[in-house]
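Peer 1:
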């Protein structure tokens, strides 16, 4: 059995564990495109030099279904977690070089949770905080854009189906914007796509994009 990147990352949650020295727990939720996937893992990138943005990156991988096995072509949730043991947030990459966030990659997208000046993780690293609650992806993300955040939510078969039924495309910004009320209604009702509803995190992202002015 081989491991591959999963289809999509949906959410990242980070918590600083009360150990001495502290450890960072990373929990990631995502989706695969068929049944039969298992053993979700976060594969940590190793760097020769610290990344310029100070963000630790991971690939979200899982074990693919056994070749020849019967699988269902439906979106399924999958979970993975990793623990960075004994870390110093303020000096993670070296003296004076803090950990500034976590980024996770899948086939169709990536998600980033940033430990910026307003986050609890930043406060802990600088000695301004005393307790760590989860840092969630949605709160850390900038205003979503169609090209980066919304377009990857629509699979190729969703795009082809809409083109065949309605004559317009889900991967074209102008088409989605012109039909936003119908698309939003179907997504929130769980009737689009037809093989299973979007996870709530994707619906929240879609609504956040609308409220943010539907940036291209």
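Numbering (the working numbering), first residue to last: 134 to 349.
For each residue, glycine too, the CB sits at the ideal point set by N, CA and C.
1. Out of curiosity, what's the CA-to-CA distance linking residue 161 and residue 205?
2. Using only CA atoms, which one of 179, 194 and 193 lies nearest to residue 187?
3. Might you give, ordered along the chain, the residues of its own chain that have their beta carbon closer than 7 angstroms to the beta carbon of residue 272, omitting 5 neighbours on each side?
4. Using only CA atoms, which one of 339, 170 and 158 lies nearest to residue 281?
5. Exposed or buried, what is residue 150 when buried is set at 16 or more other beta-carbons lying within 10 Å of its beta-carbon?
6. Report the rounded CA-to-CA distance for residue 182 versus residue 214, giving the unit in angstroms.
7. Evaluate residue 190 with the Cβ neighbour count: other Cβ atoms within 10 Å of its Cβ, from every protein chain shown; 16 or more gives buried, anything less gives exposed.
8. Is it true that the segment 164 to 180 meets the segment 138 to 146, where meeting means three or more beta-carbon pairs spaced less than 8 angstroms apart?
9. Measure the alpha-carbon distance for residue 331 versus residue 207 and round it to whole angstroms.
10. Looking at the unbroken alpha helix (DSSP H) that takes in residue 307, where does it start and where does it end?
11. Roughly how many angstroms separate the alpha carbons of residue 307 and residue 228, rounded to a whole number?
12. What is the DSSP secondary structure of residue 339, reduced to helix, strand or coil?
13. Would DSSP call residue 270 helix, strand or coil?
14. Just to confirm before moving on: does the CB-CB distance between residue 137 and residue 209 stay below 8 angstroms?
15. Comparing C-alpha positions only, which one of 348, 199, 233 and 211 sits nearest to residue 157?
16. So residue 172 packs on residue 195, CB below 8 angstroms; how close in whole Å?
17. Beta-carbon within less than 6 angstroms of residue 283's beta-carbon, same chain only, minus the 5 sequence neighbours each way: which residues are those?
Peer 2: Looking at the atomic coordinates:
1. Looking up residue 161 in the chain shown gives position 28. Looking up residue 205 in the chain shown gives position 72. The straight-line gap from Cα to Cα measures roughly 23 angstroms.
2. Taking the chain shown and counting its residues from 1, the one referred to as residue 187 is at position 54. Residue 179 is the option with its Cα nearest to residue 187.
3. The count along the chain shown starts at 1 and reaches residue 272 at position 139. Because residue 272 sits at a pLDDT of 40, beneath the cut-off of 50, its placement in the model cannot be relied upon, and the following sentence gives the value as read from the coordinates. Contacts found: none.
4. What you label residue 281 is simply residue 148 of the chain shown in a count that begins at 1. Among 339, 170 and 158, the Cα nearest to that of residue 281 is on 339.
5. Looking up residue 150 in the chain shown gives position 17. When all chains shown are included, residue 150 counts as exposed.
6. Taking the first residue of the chain shown as position 1, residue 182 is located at position 49. Taking the first residue of the chain shown as position 1, residue 214 is located at position 81. Computed Cα separation, rounded: 25 angstroms.
7. Translated into positions along the chain shown, residue 190 becomes position 57. Answer is buried; the Cβ neighbour count reaches 16.
8. yes
9. Mapped onto the chain shown, residue 331 falls at position 198. Mapped onto the chain shown, residue 207 falls at position 74. Cα to Cα, residue 331 sits roughly 11 angstroms from residue 207.
10. Walking along the chain shown from the start, residue 307 turns up at place 174. Unbroken alpha helix (DSSP H) run through residue 307: 306 to 311.
11. Walking along the chain shown from the start, residue 307 turns up at place 174. Walking along the chain shown from the start, residue 228 turns up at place 95. Answer to the nearest angstrom: the Cα atoms are 48 angstroms apart.
12. Locating residue 339 in the chain shown gives position 206, counting from the first residue. Helix at residue 339.
13. For this step, residue 270 is matched to residue 137 along the chain shown. Because the pLDDT of residue 270 is 43, which lies under 50, any placement of that residue in the model is unreliable, and the number read from its coordinates should be weighed accordingly. Looking at residue 270 - three-state DSSP - the assignment turns out to be helix.
14. Working through the chain shown from its first residue, we reach residue 137 at position 4. Working through the chain shown from its first residue, we reach residue 209 at position 76. Not closer than 8 angstroms, so no.
15. Position 24 of the chain shown, counting from 1, holds the residue named residue 157. Here the closest residue by C-alpha is 233.
16. Here residue 172 refers to the residue found at position 39 of the chain shown. Here residue 195 refers to the residue found at position 62 of the chain shown. With a Cβ gap of about 6 angstroms, residue 172 and residue 195 count as contacting.
17. Locating residue 283 in the chain shown gives position 150, counting from the first residue. Closer than 6 angstroms at Cβ, skipping near neighbours: 342.
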